[in-house]
Structure formats: structure tokens, C-alpha cells
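Report on the structure given below.
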Amino acid sequence: MKKVWIFLIAIKLWGDNLDTQLQNQNRILDLLHKEDEQKYIHDQLQYPDKYKGIVEGEIKTFEDNQKYIFSHISLDGVSKIPRAISKILISYENKPLSKQDIFELIKKTSEYYIKKGYSTTLITIKSGNVKTGKLILKIQFGYINKIEIKDSKFSKLRVFDAFPIKKNDVLDIYALDQGLENLNNGGYRYVMQVEPAEQIGYSNILIEGYQTPGGVNIGINNSSTIDKGAFRSVLGLTQYNLLGLNDVLSLTYMERFIHNRLENKESIYSGSYYFPFKYWKFYYSTSYTDNYALVKGRFGNYTNKSQNIRNTFKIQRVMDRDKNSKTTLYAELKLRGQKNKVNDILIEVNSKSYTALGIGLEYVDKLFGGNLYLDIEYLRGVPILGGQGDVKNSVFKAEYNKINLNASWQKYLYYNQYLGLVYRLNIGSSYSNDELFYADKFFIGDQYTVRGFKESSLALDMGAYWSNTITLKPIYFQGSVWNIEPFIGLDYGGGRDYGLDYNDQIIGTAFGINYFWKILNLSFIVSQPLLRSKDMPKEFMPIYFNLNIFI
């Protein structure tokens, strides 16, 4: 009987250690995903500020001190008059019109097309006859003669891949902006000039710019828990325009500084590749963790090896864009799997694969004087491509339904030539009516959600958080060695793990600095938990540290 109890105790200790390792792996992969997500959101929040002004077309005039009445006003040069234009034209019919009124009519009609992106399109007067009561306006579209990237041997290929517009098409500034955005995916910072061509009504699109730093980056951060060593080294490689398709390849290797390297090892490998094609973007990412641990017990030692892999395939399509807003639809396929071995024996219960399909909508716009980013997604676990389905009598659902929401809003509270004060609000939420596996839960309690927590976080089936940050930006020193951005923040989060009989709530605060100078990128955050959830360990002023050097 004594031997049976000894065996059961050993199994219990092994199981606890294995669960802890698996949870730590999933938390690290979740942090890597959040880091990439925040970089993407930061780029999207810049979109509503792209256009600072619009150039209007020339307007022809009528005689001074005259009144004109037209019973019918039409627009020549289009096969179908847009409904908004028809309303404008009708509103000016059967009324005495002065020269200024004619100005206003043509201006409103021109502004409609300018707002649609046709910045070189003109509205003119074709003819007017007070006897017949007819006024005919004429639309003169501007066309593209050529699009050319200066000093690029892949100019034709890159233009074809990036721009959803070509020679002899009507010049649409938003279609050109889409192409410019695609070009900048390839590690460049391009600017665009529109110049008149020799042929009347046509324009040349000339693009020039410079390549941003790419290549190798090295870094260090303390994203791990302190039990075996908090710090990790980072080695990354980024290759822009690898195939001449404005594509980007990124590879990263991370190694944990573990206290005893002979008995423990934790490595992370990740990579991504994406390329745009006109209004489309195709994206693939992968991450892989490889862990080894020698577990010493009272009744002997055993080895534990675990691998965790995640793959994501994503397709995006820009559906609409204008001066301030952009709407994007996307679909994605997510594959995840893990293998666990004890003394090189596969533990099948913890070695499974799972698949999920998702569809979502992204939206960027101006709101209340600030810039808004919104992303809503529906995910469904499906038993395809080797993924597991629901298991009878299991409380955890593999074929789950889940809705995710991410939103960011950013606004300058104060701005002059020396300083800027920026407020940023991040909101994240997730809802599922199913009890999820740990890897599928919604994690909050880290530097990207609710700051003040590092050694533990909440893993929820449903929950939400909001994070508030005010940053002081040294406008005068941007690009210099003194470009230090101090900030403060206050965060709240809460939700429910259906496996527990209580709700979770946490509150945290933080202050720190971000530092950017040439090839150096540094983040240092000091935080403090103000409210912990039940059974969460006490933490005193957790620190988040991240340093990257780009070579």
C-alpha cells in the first residue's frame, strides 16, 4: 500500500510540473502575438492622418450681375449619374442663380468626385441656355499616363503587384494610396508625385523614397517568469522585397537565460511572410517552442520534453477607403498542436492538434478628433486538417464559438513645435459560451493589456479590459539622441473562467519610458497591481524591460 501512495504522489508532482510548463509556453506565445498585433495597430492608426488637404479643380464662370433660371441641370461625361450628384443638381433647378450660385453648384459637384479620390477630375460648364432652361455640366476625368518607381530595377513588377490601377485608368488618389501602402510593406518609405504628362488630361505618377533599416536585430527582454530565469535573448532577421513583390520575410530566435542550462532549456522560433497584391494581402506566420527539463524527485529523476507549434494563414481584402477611413475584410485558418514526452514516452492526452477558422472586419477612421482602429472577429473550432473535435463527456470544447473585439483610439491632447501630449485607449474583449482549452482562452494581465502583473495572468472564457496611457512626446527632439517618451497608465480588466465559481477582476497602473534613436529601441516599464483576483500571487512593482538593436 505504501508503494501505491508513493507512485500516486510522484504522478501528481509530474502532472503539476507538466501543466505549468504548458501554461508558460502558451503565455509566451500569446505575448509574441500581442507584440506583433500592437505594431500592426500602431501602423493602422496613422492612416487617417495621411491627407492634410485637397486641391480643387478650376471652375468656369458666368456673367456678373445676372440671374439665371434652369429647369433641367445635367452632367455630361458619365454613363450613370450618382444619386448624390442628382440630388445636388435638382436642388439648383427652377431657382434664380447668380454667378456665385453657379460657383457653388460646380464646387459641390467637384468636391463629390474629389472626395471619391478623383483629384485631377474637373467639372466645367459645357453649355447653358436660359431659353430652353437647360444647363449642362461636363465632367473631365483625369487619367494615368504611367506609374514609375525611380531608380528601381524591379519597377514594372513592383508596380503591377502593388497598384490596383494602371495606364489609361481614371486617376483615383485612394487607389494610388493603396499601391503606395503596398510598396511601403517592402521596407521603403516612398513619397508620390503627380505631374502633368504631355498628353492633355493625363498625369505621370512618379514615386521615390528610401529604404528603411532592415537586416539583423539583437535584443533582450524579461518576458519570462522568474522561477527559472526572467530574461530572454532575441536574434531576428528581416528581409524586405525578397522576391521583388513588395514582400517581407521575418525570422526570430529567442533563448531563455535559464538558471541551470544543463537541466533546463527553452527555445522559441518564429517566422512570418506576407506579400500584397493590389487590394489583397496574403499572410503566413508560425511559432514553435522547444522545451526540455530534468525534473528531480524524491523517488528518482525524469526528463520532460515538450513542443508547441502554431501556424496562421490569413487573407485580407481592402473593401473601401477614402480620405480618413479604410475597411478591410479578412479570413484566417489557425492550426495549433503540441507534443509532450516523459522519459521519451509520448503522453497522448497532452499531445493533440486543433484547428480554427475565423472571419473578421477591420475599420480605421477619424473619431472625436482622434484616430480609431477597430477589429471584430468570429472564430470557430473545427475538426479538419488533423484537428481534434469535441470529446464526449469532456468539459472543454474543441469545436468552440468565440467572438473577439480589439479597439484602439489615439488623440493628441496638446501639440506644439516642442511637445505633444498623446492619449491612447486600448480595449480588448472576448466572449465564448463554451469552456475553452487553456491555449484558446483570453489572457489579460501583462504589458499589453492590464499592466501590474507579470508572474501570473487571467485566462478567461469571457472577459474584457481597457488600458489608458498618456505619453509625453518630445516633438523638438524626435530623431535625436534625446528622443525619450515618458508615459503613465491605468488599466482594468475582468471576466470569467467557467471552470471557476467566481468572477475575476484586476486593476493595475504603470509608468515608464520609450526610447527611440537610430538603431536603438528601448522600453522600460514599472508597474503596480492595485487589485488582484482571487488566488493570484502577490507581486510588488513588476518591471517590463525590452531592448532591441537593429544592425
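Using the working numbering, you'd call the opening residue of the sequence shown number 1 and step up by one each time.
All C-beta atoms in this analysis are idealised placements derived from N, C-alpha and C, irrespective of residue type, glycine included.
None of the values given here were measured: they were computed from a predicted structure.
Boundaries of the alpha helix (DSSP H) harbouring E111: 99-115, taken from the DSSP string. Of the candidates N371, G489, P486, Y515, the residue whose Cα lies closest to the Cα of I41 is N371.
For a cut-off of 8 Å, the C-beta gap from N514 to S523 is around 5 Å, short enough to register as a contact. Check the Cα spacing between Y253 and each of Y68, N260, R317, L235: the tightest is with L235. By the criterion of at least three beta-carbon pairs nearer than 8 Å, the segment 127-138 is not in contact with the segment 152-164. Between S408 and L421, the C-beta spacing is not below 8 Å.
The Cβ neighbour count for A84, taken over all protein chains shown within 10 Å, is under 16; the residue is labelled exposed. Counting only runs of at least 3 residues, the segment 458-534 fully encloses the following beta strand (DSSP E) elements, listed from N- to C-terminal order: 458-460, 462-473, 484-496, 503-517, 520-531. In the DSSP assignment, Y283 falls within the beta strand (DSSP E) that extends over 280-297. Partner residues in a beta bridge of Q199, as assigned by DSSP, do not exist. Residue G512 holds the alpha-carbon nearest to the alpha-carbon of P486 among R496, G512, G508.
Per the C-alpha coordinates, the member of K366, K441, Q307, T449 positioned closest to L379 is K441.
Here the segment 155-172 lies against the segment 115-127, with 3 or more beta-carbon pairs under 8 Å apart.
Here D461 is buried, its C-beta having at least 16 other C-beta atoms within 10 Å.
Contact between G244 and L157 holds, with the beta-carbon distance rounding to 5 Å and staying under 8 Å. The criterion of a C-beta distance shorter than 8 Å is not satisfied by K166 and N145. Here Q388 really is in contact with S353; their C-beta atoms are around 6 Å apart, less than 8 Å. Taking the Cα positions, N241 is about 39 Å away from D491. Residues of the same chain with their beta carbon placed closer than 6 Å to that of F160 are lacking, with the five preceding and five following residues left out of the count.
Residue pairing by DSSP places S250 opposite T238, S272 in a beta bridge. Bounds of any alpha helix (DSSP H) do not take in I543; it lies within the beta strand (DSSP E) bounded by 543-550. Annotation for K334: no alpha helix (DSSP H) segment contains it, though the beta strand (DSSP E) segment containing it runs 326-342. Cβ neighbours of S457 within its own chain (closer than 7 Å, five residues either side excluded): R27, F443, I444, G445, D446.
The Cβ neighbour count for N246, taken over all protein chains shown within 10 Å, is at least 16; the residue is labelled buried. Assigned with DSSP and collapsed to three states, R317 falls in strand.
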